[in-house]
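Novice: One structure is given below, represented as structure tokens, and several questions about it will come after.
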DNA sequence: CGGAATCCCAAAAGATACTG
DNA sequence: CAGTATCTTTTGGGATTCCG
């Protein structure tokens, strides 16, 4: 993999800074696998985005996220709470009102959601154009 | 939602450009759901990254992606081919050799993988620190 | 309204073995 | 090497009901 005089260094792609060492490759790949581990499934990021868009009540979130059932939403909210992406607040009104709120830590996901949103937009256009 | 003199504009978060209209919120959320639809599961992005890191043969990919079984890898590769992220090339050597290669379109995922990688790295550190 | 509980099914994924 | 076949387990998620 080292550059030999007069021989072009192989260009792997337009992607990362470089292929770098095999070790760094594995690290990078492992990081993505780590990320996908906590963000698994099709609901977690959409829920976080819904909360960011202003939803806070269970029903609001359910309406915002296309197609999720209460059963699944309930479970996902617990997951997100465990991973410290949201907090669940109970207000002693009558009847009690419950609000979900993003934590500061969830803000670190900004780059991820932004990248996914941008990619999703152009991907959708591409699909529509093809048909 | 417009700024009134002397009254702070409500800040929803440190995220997107703005909450904007409910319509735009839904669009943004839908875009992410679109993206997650084709990138679903824990394997697709890691496989793409492995390919980008230089792997091209079935066995290489399997070794690069931590924990994937041949059965699942086979299925995921077909999915990725269908979605035009990779191409499968058969070379008439003896025995035949088969190579998987990223398409140009897969390069559009660069932003997504980079964001996930960066987030994954700091998330891992956070978890390790907490324990 | 905001869930929890239960039941159930289908799809996804893992383990292992095997083949051209 | 590049998968397939088979089997088992796990997960996701729909439907429905119930509760405070």
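Residue numbers (our numbering), protein chains in the order written: chain F, 1 to 131; chain C, 132 to 262.
Yeah, the Cβ is synthetic: ideal placement off N, Cα and C, and Gly gets one too.
For residue 193 of chain C, which of helix, strand or coil comes out of DSSP?
Specialist: Working through the second chain from its first residue, we reach residue 193 of chain C at position 62. It is helical.
Novice: Taking residue 222 of chain C as the reference, which of C:210, C:187 and C:155 has the closest Cα?
Specialist: Start at 1 with the first residue of the second chain, and residue 222 of chain C comes out as number 91. Cα-wise, what sits closest to residue 222 of chain C is C:187.
Novice: Let me make sure I understand the geometry here. Which of C:260, C:157 and C:189 has the alpha-carbon closest to that of residue 228 of chain C?
Specialist: Here residue 228 of chain C refers to the residue found at position 97 of the second chain. Check the Cα spacing between residue 228 of chain C and each of C:260, C:157 and C:189: the tightest is with C:189.
Novice: By DSSP, does residue 212 of chain C sit in helix, in strand, or in coil?
Specialist: Taking the second chain and counting its residues from 1, the one referred to as residue 212 of chain C is at position 81. Under the three-state reduction of DSSP, residue 212 of chain C is assigned to helix.
Novice: Determine the direct distance from the alpha carbon of residue 184 of chain C to that of residue 22 of chain F, and round the result to whole angstroms.
Specialist: For this step, residue 22 of chain F is matched to residue 22 along the first chain. For this step, residue 184 of chain C is matched to residue 53 along the second chain. If you take the alpha carbons of residue 22 of chain F and residue 184 of chain C, they lie about 8 angstroms apart.
Novice: Just the chain C side, please: which residues come within less than 7 angstroms of residue 32 of chain F by C-beta, in chain order?
Specialist: Residue numbering aside, residue 32 of chain F sits at position 32 when the first chain is read from its first letter. Around residue 32 of chain F, the beta-carbon contacts reaching into chain C at under 7 angstroms are 176, 177, 180, 244, 247, 248 and 251.
Novice: Tell me, to the nearest whole angstrom, how far the beta carbon of residue 166 of chain C is from that of residue 116 of chain F; I am working on the premise that it is less than 8 angstroms.
Specialist: Mapped onto the second chain, residue 166 of chain C falls at position 35. Mapped onto the first chain, residue 116 of chain F falls at position 116. The Cβ separation is near 5 angstroms, so the contact holds.
Novice: Check whether the Cβ atoms of residue 61 of chain F and residue 51 of chain F sit closer than 9 angstroms, and answer yes or no.
Specialist: Indexing the first chain from 1 puts residue 61 of chain F at position 61. Indexing the first chain from 1 puts residue 51 of chain F at position 51. Yes, the pair counts as a contact, with Cβ atoms nearer than the cut-off.
Novice: Within 10 angstroms of the Cβ of residue 65 of chain F, are there 16 or more other Cβ atoms? Answer buried if so, exposed if not.
Specialist: Looking up residue 65 of chain F in the first chain gives position 65. Its Cβ being crowded by 16 or more others within 10 Å, residue 65 of chain F is buried.
Novice: What number of angstroms, rounded off, separates the C-alpha of residue 112 of chain F from the C-alpha of residue 126 of chain F?
Specialist: Numbered from its first residue, the first chain carries residue 112 of chain F at position 112. Numbered from its first residue, the first chain carries residue 126 of chain F at position 126. Computed Cα separation, rounded: 21 angstroms.
Novice: Interface residues of chain F around residue 169 of chain C at Cβ under 8 angstroms?
Specialist: Residue 169 of chain C sits at position 38 when you count from the first residue of the second chain. In chain order: 123.
Novice: If distances are taken between C-alpha atoms only, which option among C:249, C:245 and C:218 comes closest to residue 234 of chain C?
Specialist: The residue given as residue 234 of chain C occupies position 103 in the second chain. Of the candidates C:249, C:245 and C:218, the residue whose Cα lies closest to the Cα of residue 234 of chain C is C:218.
Novice: Does any residue of chain F have a CB that is nearer than 9 angstroms to the CB of residue 208 of chain C?
Specialist: As a working mapping, residue 208 of chain C is identified with position 77 in the second chain. Not one chain F Cβ lies under 9 angstroms of residue 208 of chain C.
Novice: Is it buried or exposed, residue 251 of chain C, if we count other Cβ atoms within 10 angstroms and call 16 or more buried?
Specialist: For the purposes of this step, residue 251 of chain C is identified with residue 120 of the second chain, where counting begins at 1. Residue burial is scored here from C-beta neighbours: residue 251 of chain C has at least 16 other C-beta atoms within 10 angstroms and is therefore classed as buried.
Novice: Can you list the residues of chain C that residue 66 of chain F reaches, using a CB-CB cut of under 9 angstroms?
Specialist: To locate residue 66 of chain F, count along the first chain from 1; it is residue 66. By Cβ distance, chain C contributes 157, 160, 161 and 164.
Novice: Reducing DSSP to helix, strand and coil, say where residue 74 of chain F ends up.
Specialist: As a working mapping, residue 74 of chain F is identified with position 74 in the first chain. Assigned with DSSP and collapsed to three states, residue 74 of chain F falls in helix.
Novice: How close, in whole Å, do the beta carbons of residue 49 of chain F and residue 159 of chain C come, if the pair is a contact with beta carbons under 8 angstroms?
Specialist: Taking the first chain and counting its residues from 1, one reaches residue 49 of chain F at position 49. Taking the second chain and counting its residues from 1, one reaches residue 159 of chain C at position 28. The Cβ separation is near 7 angstroms, so the contact holds.
Novice: Got a sec? Which residues, its chain only, sit under 7 angstroms from residue 26 of chain F by beta carbon, not counting five neighbours each side?
Specialist: Taking the first chain and counting its residues from 1, the one referred to as residue 26 of chain F is at position 26. The same chain holds no residue with a CB closer than 7 angstroms to that of residue 26 of chain F once the five nearest residues on each side in sequence are set aside.
Novice: Reducing DSSP to helix, strand and coil, say where residue 106 of chain F ends up.
Specialist: On the first chain, position 106 is the one that residue 106 of chain F refers to. Three-state result, residue 106 of chain F: helix.
Novice: With distance defined between alpha-carbon atoms, name the residue in C:174, C:226, C:224 and C:262 nearest to residue 209 of chain C.
Specialist: Stepping through the second chain from its first residue, residue 209 of chain C is reached at position 78. Among C:174, C:226, C:224 and C:262, the Cα nearest to that of residue 209 of chain C is on C:174.
Novice: Below 8 angstroms on the Cβ atoms is my guess for residue 15 of chain F versus residue 241 of chain C; work out the distance and round it to an integer in Å.
Specialist: One-based indexing of the first chain puts residue 15 of chain F at position 15. One-based indexing of the second chain puts residue 241 of chain C at position 110. Correct: roughly 5 angstroms between the Cβ atoms.
Novice: What's the call for residue 101 of chain F, buried or exposed, on a 16-neighbour Cβ count within 10 Å?
Specialist: For the purposes of this step, residue 101 of chain F is taken as the residue at position 101 of the first chain. An exposed status is given to residue 101 of chain F, since fewer than 16 other beta-carbon atoms sit within 10 Å of its beta-carbon.
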